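Single-structure report; data block below.
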Amino acid sequence: METLSSLVDGFAIALTFQNLILALLGCFLGTVMGALPGLGPSNGVAILIPLAFSLGLGATPSLILLTSVYYGAMYGGRISSILLNIPGDAPALMTCLDGYPMALKGRGGEALALSGFASFIGSFLATWGLVLLAPQLVKIALMFGPAEYFALFVMAFATLGGVSSTNQSKSAFAAMLGLGLATVGVDTQTGVPRFSFGIVHFYDGIDFLVAIVGLFALSEVFIFIENRHGSADASGKKVELGRLTPSWKTFMGSVPSILRTSVVGFIAGVLPGAGASLGSFLSYSMEKRLLDKNGTFGKGDPRGVAAPEAGNNAAAGGALVPMLALGVPGSGTTAVLLAVLLALNITPGPLLFANNPDVVWGLIAALFIGNFLLLLLNIPFVGIFIRVLLVPPRILMPLVAMVSFVGIYGIAGSSFDLIVMVAFGIGGWVLRKLDVPLVPVILGILLGDNMENNLRRAITISDGDWTVLFHSPLAIALWTISIVGFILPIFVGRLMPKRVKKVNKTAQEETAN
Amino acid sequence: MSDRIFGVVGLLLALLFAYSALLIEESFLSDVVGPKTFPLIIAAILGLSSIAIIMKPDAEPSWPRLVQFAEIIAAVVAMVLYAIFLPEVGFVIATAIVSAYLTWRLGTTPIGSIIVGISISLGIYVIFHLAFGLSLAKGPLGF
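Chains L and S are the protein sequences, given in the same order.
The C-terminal position of the first sequence is numbered 513 in my numbering, with every residue numbered one higher than the one before it.
The C-terminal position of the second sequence is numbered 1143 in my numbering, with every residue numbered one higher than the one before it.
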């Protein structure tokens, strides 16, 4: 009951004129970014952060804008998957499998509408899941002391690589790289400078926004320059849209799939390190196993379009649960959203619900509103976004680079930070080439200070006794999950099988051609 | 092979990180743990994971050919020059030049590139500066 009244208060905040406009703008920009191949939710949100700051928006409006972008990008990714067989972003990969064959059969419009509904239902249920689950998680988190928090951070890093990365040593490497970068600057507890090598600019530490925009947005630009995707203009392969509404029978046939995969996706999203890509993958493979009796999956089965879309949108909502309730994001985009909170001087976690209920509930209410706006944008007005797809990467990518520069210059205002950003961009490119995941790096930069402070606080309270880290049952449980979560993938192998990689390859070749 | 080189570089990085951690001056007001311990733990895990990467390297990534590599270096140089000269030249001119360069290298025709460059620059200027009021670098000409 308490939750519901908070939610009503949230709607009162979200339903102001300014916030509605921001939600609409965010949904629109998000869908565009999701639809454009090469721009996904994480780099889409990353390049818009500086804009939100330089507009001088408060905490709640900034978050509303950026989470609308996040939800919008999850919707938008499906458009290029279905029409061009190029996933607009990683989670939309599975949508290619049945979406593109449907489009080839002249049922592209139907596939877009059906996946739009599936996205809506997935997000809607997941947002309810967020409303119900986050406050419960907060109750647990309030029992955390510094030792438990330290163990929680360890768990976030240990489980992050297991799902998405091929090589556990590389995800550990990435996490340490991020944590190491976080230690640059003046030590908050003793005031001594660390690793600044006498450069005054480094005394404040490395600005995580500079790092994020460099790693996510600029490295994407370098990938494009390397592959010279210039010729991949979408105009060459126009597909027939057909009718823009699914028949009642098609729709009803997909509803059970949508409901099942919304649950699966939500759970995948809440789990640390999983995120939307896994949500859509699990959803698709589960539905295929359950329903594919006549071998129609992969050849344009509408249920194969609905399942991954409901799954990835539900996962997007689920991923917000640990980010808001614990302050520990489980995916790339929620890590970027955490950066937004930190930059706004808001510490996420249990205290956020107690100290800034307006921020939390305003945000959740905005998600409900944004979801309706997105349904509206993505069914009747889907044509606008199809036209956006015609912008070729050779124009888009310089635009992305320049907007990144403008944004960072807007908040940092110095040439030095721009050069650091370029360095992160090229570093990100090298790491991507070597198959080192970038999300642990970002997470390390974001959580490093907090992690170290909790460690030092725990040891200080116990007067130098390091075993305090393993005293409480809660801490032991977190350490156990960390160890199992880190070691298990080495023996079990990747959760995402090779097949996905193969599809990814063909999609990449598609873009290259 | 790439992974082995990467691992060796990682190992050197870990050693360097550990070495500079040991050089951190302790304050007399230090807490029990002090400013060195956490960096040293990081260096240790960084080193261990580098060794694991050397022992068990992944398949070779597809590195760009020399020409593509030169393309990337050239783009980096263009961006660094942009960063340095932005405050001197002003936003509109610097941005037009760099975005024209980038779109040209990505396959736009030379004349098309000039048009794209100027449009991107003016477009960002109008939306971000005139509409949203974001402060952009002012050159000697005031824009």
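C-beta: ideal position from N, C-alpha, C; glycine also.
Everything numeric in this text was worked out from a predicted model, so none of it was measured.
Does any residue of chain L bring its CB to less than 8 Å from the CB of S:Ile1072?
yes
Candidates L:Gly448, L:Gly76, L:Asn454 and L:Leu84: which alpha carbon is nearest L:Gly116's?
L:Gly76
Residues that L:Pro193 bridges to, as DSSP identifies them:
L:Val186
What do you reckon, are the CB atoms on S:Gly1010 and S:Ser1050 nearer than 8 Å?
yes
Helix, strand or coil, according to DSSP, for L:Tyr284 in the structure here?
helix
Checking 8 Å against the spacing of the C-beta atoms, do L:Val213 and L:Ala401 come in under that value?
no
Straight-line CA distance for S:Leu1048 to S:Gly1007?
10 Å
DSSP state of L:His201 mapped onto helix, strand, coil
helix
Coil, strand or helix - S:Met1001 by DSSP:
coil
Per-residue burial, L:Gly180 [other beta carbons within 10 Å of its own, 16 or more giving buried]
buried
For L:Val420, which residues from the same chain have a beta carbon less than 6 Å from its beta carbon, with the 5 sequence-adjacent residues on both sides left out?
Val210
Close beta carbons around S:Arg1105, own chain, < 8 Å, minus the five adjacent residues each side
Glu1071, Ala1074 and Ala1075
Contact list for the stretch 38-59 of chain L against chain S, Cβ threshold 9 Å
Pro50, Leu51, Ser54, Leu55 and Gly56
Which chain S residues sit within Cβ distance under 8 Å of L:Met402?
Thr1095, Val1098, Ser1099, Ile1120, Ser1121 and Ile1124
Nearest-angstrom Cα separation, counted from S:Lys1138 out to S:Phe1091:
6 Å
Chain L contact residues for S:Glu1025, given Cβ-Cβ distances below 7 Å
Val192
Under the assumption that L:Ser280 contacts L:Gly311 (Cβ atoms under 8 Å), give the Cβ distance between them as a whole number of angstroms.
5 Å
Could you name the residues of the stretch 180-211 of chain L whose beta carbon sits closer than 7 Å to any beta carbon of chain S, in the order they occur along the chain?
Gly180, Thr183, Asp187, Gln189, Thr190, Gly191, Val192, Arg194 and Phe195
Output needed for L:His201: all residues of its chain with C-beta closer than 6 Å, excluding positions within five of it in sequence on either side, in chain order.
Phe416
Rounded C-alpha distance that separates L:Ala73 from L:Gly44:
8 Å
Does DSSP classify L:Asn371 as helix, strand or coil?
helix
Counting only runs that start and end within the stretch 6-42 of chain L, where is the alpha helix (DSSP H) found for 4 or more residues in a row?
17-35
For S:Leu1016, name the three-state secondary structure that DSSP assigns.
helix
Is there at least one Cβ from chain S nearer than 8 Å to L:Arg516's Cβ?
Not covered by the structure: residue 516 of chain L. The range shown for chain L is 1 to 513.
L:Thr127 beta carbon less than 8 Å from that of L:Phe368:
yes
Within 8 Å (strictly less), CB to CB, does L:Leu399 reach chain S?
yes
Beta-carbon of S:Met1079 versus every beta-carbon of chain L: anything under 8 Å?
yes
Assuming L:Val422 is part of the alpha helix (DSSP H), what are its boundary residues?
Ser415 to Lys433
S:Thr1066 versus L:Ala147, L:Met94, L:Glu226 and L:Leu130, residue with shortest Cα-Cα distance:
According to the sequence as given, residue 1066 of chain S is Leu; it is not Thr. Minimum Cα distance to S:Leu1066 is reached at L:Glu226.
Counting only beta-carbon separations shorter than 8 Å, does L:Ala172 have a partner in chain S?
yes
Quick check on L:Asn355: does DSSP put it in helix, strand or coil?
helix
Take L:Ala307 and list the residues in its own chain whose beta-carbon comes closer than 6 Å to its own, dropping the five residues that flank it on each side.
Ser257, Thr261, Ser283, Tyr284 and Glu287
Specify, as a first and last residue, the run of the alpha helix (DSSP H) that S:Tyr1162 falls within.
Given a span of 1001 to 1143 for chain S in the structure shown, any question on residue 1162 of chain S remains unanswerable.
Let me see if you follow: with CB-CB separation under 8 Å, is L:Thr250 close to chain S or not?
no
Alpha carbon of S:Leu1046 to alpha carbon of S:Leu1022, nearest angstrom
16 Å
Spatial neighbours of L:Phe173 within its chain, please: C-beta separation below 8 Å, excluding the five flanking residues on both sides.
Val436
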